[in-house]
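If you read the sequence shown in this note's numbering, its first letter stands for residue 4, the second for the next number, and so on.
We put the CB at the ideal spot given by N, CA and C, even for glycine.
Just so we're clear, the structure is a prediction, and the values are computed from it rather than from any experiment.
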Amino acid sequence: MKMQSLKRRVFDIIDDKDEGGRPNSIFDFFIIFIIIVNTFVIFIETYPTIQNNYTEYLDLIEYITIIVFTTEYLIRIWTSTCYPEYSHPVTGRLRYACSLTMIIDFFAVFPFYLMFVIPLSPYVVHFLRLFRLFRVLKLLRYYGSIDVIYRVIKRDSQYLFSIIIILLVFLSFSSYLIYIFEAEAQPDKIQDFDDALWWAIETTSTVGYGDVIPVTDMGKFISFLIIILGIGIIALPTGIIASGFLEEIRALKEGSRDLYDLHLADEIRKLKELRDEGIISEDEFLLGKEKILK
4 MKMQSLKRRV FDIIDDKDEG GRPNSIFDFF IIFIIIVNTF VIFIETYPTI
54 QNNYTEYLDL IEYITIIVFT TEYLIRIWTS TCYPEYSHPV TGRLRYACSL
104 TMIIDFFAVF PFYLMFVIPL SPYVVHFLRL FRLFRVLKLL RYYGSIDVIY
154 RVIKRDSQYL FSIIIILLVF LSFSSYLIYI FEAEAQPDKI QDFDDALWWA
204 IETTSTVGYG DVIPVTDMGK FISFLIIILG IGIIALPTGI IASGFLEEIR
254 ALKEGSRDLY DLHLADEIRK LKELRDEGII SEDEFLLGKE KILK
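The structure is reproduced here in structure tokens:
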């Protein structure tokens, strides 16, 4: 029982719903501070002068943050059974570990230990260190944004997948067309399908780096069509996601309003019970009801 009580107290402190009072707020601010410091270190390491002169201090900060994030991850796994949906000691913890926020937490620390266990080339080490930026995403845990993003993408996944398929077909078709009309005119620029695809991506996204420019009349006409159609295709997923966010925000507000109305109804019901039991008068009941509704 003592262990269960301890687990519950720890759970209240680290839970993201801010129901643990002051200890919960202190814990949240501490983790946010560690994330910000660690992110700052990641970027200042790119300056050779700072890296060479302060390597020991930067490594010390890295080790401290890894210890903090690892401890936080393990504690969250340990206390996850306090959630009703993850109450099973084995399968519940496994399902919780596979949640989006925990996957982000995992990738924030896992590459660090992998570099010590397996001998890797410097190139792979630098690539794995890129995963440290997952620690920035941990900030989303404390503002509830990541849950909204996940729900929007999950709910509209069929539409987004359809648009991705349309975009791939459009890029393939555009690449082949430009290859037909431009490969002979400028073989140094468009040698194969890869070069044509790169041009199609540049043009569809309206970035236009200028490294490949159509020189034939048909190539210019095709470019005109691709730019016009590409704007619409690129805008489709943006519109769907934006609409999904608006719906989620509206649902959250309506949910909060419903909870507020339930709270008011419960307070009025308690006042009514006091009046019926003769503890307060009718005038006191009306006065209290008026204060609650205000």
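Item to complete: Compute the Euclidean distance between the alpha carbons of Leu262 and Glu293, then round it to the nearest angstrom.
Response: Along the sequence shown, read from residue 1 onward, the residue named residue 262 stands at position 259. Along the sequence shown, read from residue 1 onward, the residue named residue 293 stands at position 290. With a pLDDT of 49 at Leu262, under the threshold of 50, the modelled position of that residue is not reliable, and the figure given next carries that caveat. Taking the CA atoms as reference points, Leu262 sits about 19 Å from Glu293.
Fill in: Own chain partners of Leu277 with C-beta closer than 8 Å, once the 5 adjacent residues on each side are dropped
Numbered from 1 along the sequence shown, position 274 holds the residue referred to as residue 277. Only Ile283 and Phe288 meet the Cβ criterion.
Discussion item. Our contact map puts Pro240 next to Leu171 with C-beta atoms below 8 Å; I'd like the distance itself, whole angstroms only.
Written reply: In the sequence shown, counting from the first residue as 1, residue 240 sits at position 237. In the sequence shown, counting from the first residue as 1, residue 171 sits at position 168. About 13 Å; that fails the 8 Å criterion.
Discussion item. Let me confirm a value: Gly247 is counted as buried when at least 16 other C-beta atoms fall within 10 Å, else exposed. Which label applies?
Written reply: The count along the sequence shown starts at 1 and reaches residue 247 at position 244. Gly247 comes out buried.
Item to complete: Mind listing, in chain order, the continuous alpha helix (DSSP H) runs of no fewer than 4 residues lying wholly within the region 19-57?
Response: Secondary structure within the region 19-57: the alpha helix (DSSP H) runs of 4 or more consecutive residues, fully enclosed, are 24-47 and 51-56 (chain order).
Worksheet item: What is the rounded straight-line gap between the Cα of Cys101 and the Cα of Asp159?
Response: In the sequence shown, residue 101 corresponds to position 98, counting from 1. In the sequence shown, residue 159 corresponds to position 156, counting from 1. Each residue's Cα considered, the two are about 21 Å apart.
Discussion item. Output needed for Ile45: all residues of its chain with C-beta closer than 6 Å, excluding positions within five of it in sequence on either side, in chain order.
Written reply: Against the sequence shown, residue 45 aligns to sequence position 42. Cβ contact annotation for Ile45 (same chain, cutoff 6 Å, sequence separation greater than five): Arg135, in chain order.
Fill in: Coil, strand or helix - Ser102 by DSSP
Along the sequence shown, one-based indexing puts residue 102 at 99. If DSSP states are grouped into helix, strand and coil, Ser102 belongs with coil.
Item to complete: Please confirm if the region 8-15 is in contact with the region 82-97, defined as three or more CB-CB distances below 8 Å between the two stretches.
Response: Yes, since at least three Cβ pairs between the region 8-15 and the region 82-97 fall closer than 8 Å, the two stretches touch.
Worksheet entry | Residue range of the unbroken alpha helix (DSSP H) whose run includes Ile204 | Reading the sequence shown from its first residue, position 201 is the one you call residue 204. Per DSSP, the unbroken alpha helix (DSSP H) holding Ile204 starts and ends at Phe196 to Thr207.
Item to complete: Measure how close the beta-carbons of Ala199 and Tyr182 come, nearest whole angstrom, since I'm counting them as under 8 Å.
Response: As a working mapping, residue 199 is identified with position 196 in the sequence shown. As a working mapping, residue 182 is identified with position 179 in the sequence shown. Confirmed, about 4 Å.
Worksheet item: To the nearest angstrom, how far is it from the Cα of Phe173 to the Cα of Asp108?
Response: The count along the sequence shown starts at 1 and reaches residue 173 at position 170. The count along the sequence shown starts at 1 and reaches residue 108 at position 105. Rounded to the nearest angstrom, the two C-alpha atoms are 37 Å apart.
Worksheet item: DSSP three-state call for Lys275: helix, strand or coil?
Response: In the sequence shown, the residue the question calls residue 275 occupies position 272. Residue state, collapsed to three classes: helix.
Worksheet item: By DSSP, does Lys192 sit in helix, in strand, or in coil?
Response: Taking the first residue of the sequence shown as 1, we reach residue 192 at position 189. For Lys192, the three-state secondary structure derived from DSSP is coil.
Worksheet item: Does the distance from the CB of Phe184 to the CB of Ile229 come in under 8 Å?
Response: One-based indexing of the sequence shown puts residue 184 at position 181. One-based indexing of the sequence shown puts residue 229 at position 226. Not a contact, by the Cβ cut-off of 8 Å.
Worksheet item: By how many angstroms is the C-alpha of Ile271 removed from the C-alpha of Asp286?
Response: Against the sequence shown, residue 286 aligns to sequence position 283. Against the sequence shown, residue 271 aligns to sequence position 268. The straight-line gap separating the alpha-carbon atoms of Asp286 and Ile271 is approximately 14 Å.
Worksheet item: Should Glu280 be labelled buried (16 or more other beta-carbon atoms within 10 Å of its own) or exposed?
Response: Walking along the sequence shown from the start, residue 280 turns up at place 277. Note on Glu280: under 16 other CB atoms within 10 angstroms of its CB, so exposed under the neighbour-count rule.
Item to complete: Could you check if Asn55 is buried or exposed, using at least 16 other CB atoms within 10 Å of its CB as the buried criterion?
Response: In the sequence shown, counting from the first residue as 1, residue 55 sits at position 52. Exposed, since its Cβ has fewer than 16 Cβ neighbours within 10 Å.
Worksheet item: Could you give the distance in angstroms between the alpha-carbon of Gly291 and the alpha-carbon of Lys275?
Response: One-based indexing of the sequence shown puts residue 291 at position 288. One-based indexing of the sequence shown puts residue 275 at position 272. Rounded to the nearest angstrom, the two C-alpha atoms are 10 Å apart.
Worksheet item: So, is Ser90 buried or exposed, given that buried needs 16 or more other C-beta atoms within 10 angstroms?
Response: Start at 1 with the first residue of the sequence shown, and residue 90 comes out as number 87. With a 10 Å radius around the Cβ and a threshold of 16 neighbouring Cβ atoms, Ser90 comes out exposed.
Discussion item. With a threshold of 7 Å on Cβ separation, who are the neighbours of Ile69 within its own chain once the five nearest residues in sequence on each side are excluded?
Written reply: Start at 1 with the first residue of the sequence shown, and residue 69 comes out as number 66. Answer for Ile69: Val112 and Phe115, listed in chain order.
Worksheet item: What is the DSSP secondary structure of Glu187, reduced to helix, strand or coil?
Response: Walking along the sequence shown from the start, residue 187 turns up at place 184. Glu187: coil per DSSP, three-state reduction.
Worksheet item: Does the beta-carbon distance from Arg138 to Phe72 come in below 8 Å?
Response: Counting from 1 along the sequence shown, the entry for residue 138 is found at position 135. Counting from 1 along the sequence shown, the entry for residue 72 is found at position 69. Taking a C-beta distance under 8 Å as the contact criterion, Arg138 and Phe72 qualify as a contact pair.
Worksheet entry | Pro240, DSSP secondary structure in three states | Numbered from its first residue, the sequence shown carries residue 240 at position 237. Helix.
Practice prompt. Measure the beta-carbon distance from Glu88 to Arg154 and round it to whole angstroms, keeping in mind my assumption that it falls under 8 Å.
Written response: Along the sequence shown, one-based indexing puts residue 88 at 85. Along the sequence shown, one-based indexing puts residue 154 at 151. At roughly 16 Å, the Cβ-Cβ gap does not stay under 8 Å, so Glu88 and Arg154 are not in contact.
Practice prompt. Count the other CB atoms, across all protein chains shown, that sit within 10 Å of the CB of Lys141; report buried if there are 16 or more and exposed otherwise.
Written response: For the purposes of this step, residue 141 is taken as residue 138 along the sequence shown, with counting starting at 1. With at least 16 other beta carbons inside 10 angstroms of its own, Lys141 counts as buried.
Discussion item. Mapping the DSSP letters down to three states, classify Asp15 as helix, strand or coil.
Written reply: Numbered from its first residue, the sequence shown carries residue 15 at position 12. Asp15 carries a helical assignment under DSSP once its states are collapsed to helix, strand and coil.
Discussion item. Quick check on the burial criterion: 16 or more other C-beta atoms within 10 angstroms. Buried or exposed for Tyr99?
Written reply: Taking the sequence shown and counting its residues from 1, one reaches residue 99 at position 96. It is buried - the Cβ of Tyr99 has at least 16 other Cβ atoms within 10 Å.
Item to complete: Kindly indicate which three-state DSSP category Leu90 falls into: helix, strand or coil?
Response: Along the sequence shown, one-based indexing puts residue 90 at 87. This sequence places Ser at residue 90; Leu is not what is there. Coil.
Worksheet item: What did DSSP end up calling Val151 once you bin it into helix, strand or coil?
Response: Taking the sequence shown and counting its residues from 1, the one referred to as residue 151 is at position 148. In this structure, DSSP gives Val151 a helical state, which the three-state scheme calls helix.
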